[in-house]
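Engineer: Numbering (the working numbering), first residue to last: 36 to 535.
1) What number of angstroms, rounded off, separates the C-alpha of residue 25 from the C-alpha of residue 157?
2) Between the C-alpha atoms of residue 457 and residue 477, what's the straight-line distance to the nearest angstrom?
3) Counting along the chain, where does the beta strand (DSSP E) carrying residue 194 start and finish?
4) Can you give the Cα-Cα distance for residue 343 and residue 298, rounded to whole angstroms?
5) Using DSSP with H/G/I as helix, E/B as strand and the rest coil, what is residue 474?
6) Return the chain-ordered ranges of every beta strand (DSSP E) run that is complete within the stretch 41-90 and spans a minimum of 3 residues.
7) Count Cβ pairs between the stretch 62-82 and the stretch 215-222 that sit closer than 8 Å; are there 3 or more?
8) State the DSSP-derived secondary structure class of residue 128, mapped to helix, strand or coil.
9) Hey, could you find the ends of the beta strand (DSSP E) residue 170 is sitting in?
10) For the beta strand (DSSP E) containing residue 300, name the first residue and the last one.
11) Just tell me which of 292, 390 and 374 has its CA closest to the CA of residue 472.
12) Bridge partners of residue 267, per DSSP?
13) With a threshold of 8 Å, are at least 3 pairs of Cβ atoms found where one atom belongs to the stretch 366-375 and the other to the stretch 321-334?
14) Which residue marks the beginning of the beta strand (DSSP E) containing residue 278, and which one marks its end?
15) Are there 16 or more other CB atoms within 10 angstroms of the CB of residue 191, so buried, or fewer, so exposed?
16) Using the beta-carbon count (16 or more within 10 Å), is residue 235 buried or exposed?
17) If we call anything under 9 Å between Cβ atoms a contact, is residue 163 one with residue 177?
18) Distance check for residue 347 and residue 438, CA to CA, integer angstroms please.
19) Residue 46: buried (16+ other C-beta within 10 angstroms of its C-beta) or exposed?
20) Counting Cβ pairs, one atom from each stretch, are 3 or more of them under 8 Å apart for the stretch 286-298 and the stretch 317-331?
21) Could you pull out every residue in the same chain whose Cβ sits closer than 6 Å to the Cβ of residue 270, ignoring the five residues on either side in sequence?
22) So, does the stretch 413-429 touch the stretch 307-318, judging by three or more C-beta pairs under 8 Å?
23) Residues bridged to residue 287 by DSSP?
24) Have a look at the DSSP bridge pairing and note the partners of residue 187.
25) Would DSSP call residue 410 helix, strand or coil?
26) Can you name, in chain order, every residue of its own chain whose Cβ lies under 7 Å from the Cβ of residue 397, other than the five neighbours on each side?
27) Take the Cβ of residue 440 as the centre, count every other Cβ of all protein chains shown within 10 Å, and call the residue buried at 16 or more, exposed below.
28) Which partner residues of residue 461 appear in the DSSP bridge assignment?
29) Taking the CB atoms as reference points, tell me whether residue 382 and residue 363 lie closer together than 9 Å.
30) Just the C-alpha distance for residue 43 and residue 179, rounded to the nearest angstrom, thanks.
31) According to DSSP, what are the bridge partners of residue 383?
32) Along the chain, where does the beta strand (DSSP E) containing residue 24 start, and where does it finish?
33) Run through DSSP, which three-state label would residue 220 get?
34) So, at 7 Å on beta carbons, what are the nonlocal neighbours of residue 433 in its own chain, with the 5 sequence-adjacent residues on each side left out?
35) What separation, rounded to the nearest whole angstrom, lies between the Cα atoms of residue 182 and residue 134?
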């Protein structure tokens, strides 16, 4: 085209006819060049008649196209074959020329590339110099002016005999390599779903982002979005766990790389800390619940590592606290072995933690209303009591109907109504957040429905035999009278014998 860019091409048929289509309105230089490397008959399917024994030829007049024009170029007479050729089989083409104004050493292969020849390119925004001719190769320095649009440029060689060789689209002008300076956040869930923002320079529409084993293409569903030349956004797909380079690939093939820019990890989720405070002397039992906990997880409170950590499951971690300075709340951190973090809060309190040792009596009616004594240590006037809490979260319980503070070791508690069964009992200091749960601390009993008297209804079969029962009672009465009579007769007989 008028700017020296390769705009279109076509193969001729067996008699040399062709039609280059799809061109925009403009002025074009049209030429014919043989397929004699790097593209040749070997690149085509069977059935093509290929003639390569001619010199490239250029139409003497340009083609001027309007918006809907078709221009007949007529017949082009070409010269006999020449010994010079530009381009070789197996050569990596096109040669990239980066539009950043820097010099780049470039080589093109061929035949007949000897001293006295001249090398030019079709776009004046590209400069070639100096040129070294090596017979089968020409070396030169290529400079592409900053801001030059992307596209393809032809290379042309004329030797001392004015013989011509043309290599179509020999050089591809590409944008300067993008740079990736930051990935925010730098850590995300290996399962995907992390919203990332990449910042840098030279981001162009159609760019691709490569992170780990995933590729995100600008504009594709689930891909990336090139917001502007300095910003790309994307949401991660599930990927391999580990630390990965973040690579932005320009549509032209150049790329920018942020080494070790993103870590895909299993990120812990910390839903609950129970209790939320503990004694400053240490020794408080704290349960962390959530998800994605891993064996080897670390726990820190106010930056101090807690050595007594028990990994129970992916959802439960238990900690016995170290001593700390009364105050807070401080930051409580959990960190998986891969370095991913989750945070919550925890406070240290100068007073002792409440400790439930026993409940007396240990059982009561399910209807509630019983007064029991909760015994232990560390009770205050702010201590509340709850039944049937979740031992790991302190949640879901029923508060005692009333709590009377007796002393630091005793609380008198009226039980709430509750379904029958054995339940945990929790004492919590509402002013500090300290708490302790006694597992299986109290039993709610339901009265048995069997045994004892009371009224009940008989069915018909039970009612009918009453006559039998009455008859049996009459016989018993007669038997009793007989026994009494016999006893009287014996005593009477003894009396008579004595008198005699």
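Just so you know, even glycine gets a beta-carbon here, dropped at the ideal spot from N, CA and C.
Structural biologist: Put simply:
1) Beyond the ends of the chain as shown, which are 36 and 535, falls residue 25; an answer cannot be given.
2) CA-to-CA, the gap between residue 457 and residue 477 works out to about 6 Å.
3) The continuous stretches of beta strand (DSSP E) do not include residue 194, and DSSP gives it neither H nor E.
4) When rounded, the distance between both Cα atoms is 28 Å.
5) Three-state result, residue 474: strand.
6) Annotation note: the stretch 41-90 contains the following uninterrupted beta strand (DSSP E) runs of length 3 or greater, listed N- to C-terminal: 61-63.
7) The stretch 62-82, when compared against the stretch 215-222, does not touch it at the 8 Å Cβ threshold.
8) Residue 128 falls in the coil class under three-state DSSP.
9) DSSP places residue 170 in the uninterrupted beta strand (DSSP E) bounded by 170-179.
10) Segment 290-300, the beta strand (DSSP E) holding residue 300.
11) Residue 390 is the option with its Cα nearest to residue 472.
12) Per DSSP, 233 and 261.
13) The stretch 366-375, when compared against the stretch 321-334, does touch it at the 8 Å Cβ threshold.
14) Element bounds for residue 278: 277-284.
15) Residue burial is scored here from C-beta neighbours: residue 191 has at least 16 other C-beta atoms within 10 angstroms and is therefore classed as buried.
16) Around the beta-carbon of residue 235, 16 or more other beta-carbon atoms lie within 10 Å, marking it buried.
17) It is a contact, given that the beta carbons lie within the stated cut-off.
18) One C-alpha to the other measures close to 34 Å.
19) An exposed status is given to residue 46, since fewer than 16 other beta-carbon atoms sit within 10 Å of its beta-carbon.
20) Flag = no, the stretch 286-298 and the stretch 317-331 do not touch.
21) Within the same chain, residue 270 has close Cβ partners 230.
22) Judged by Cβ distances under 8 Å, the stretch 413-429 makes contact with the stretch 307-318, as three or more pairs qualify.
23) Answer is none; residue 287 lacks a bridge partner.
24) According to DSSP, which records beta bridges pairwise, residue 187 is partnered with 207.
25) Strand.
26) Within the same chain, residue 397 has close Cβ partners 477 and 478.
27) Looking at its Cβ environment, which holds fewer than 16 other Cβ atoms inside 10 Å, residue 440 is exposed.
28) Note: residue 461 sits in a beta bridge opposite 421 and 472.
29) In contact: residue 382 and residue 363 (Cβ atoms closer than 9 Å).
30) Rounded to the nearest angstrom, the two C-alpha atoms are 22 Å apart.
31) Bridge partners of residue 383: 313 and 362.
32) It is not possible to answer for residue 24, since the shown part of the chain is limited to 36 through 535.
33) In the three-state scheme derived from DSSP, where H, G and I count as helix and E and B as strand, residue 220 is classed as coil.
34) Sequence-distant Cβ neighbours of residue 433 in its own chain, meaning closer than 7 Å and more than five residues away, are 421, 422, 423, 451 and 453.
35) Going by the C-alpha atoms only, they are around 6 Å apart.
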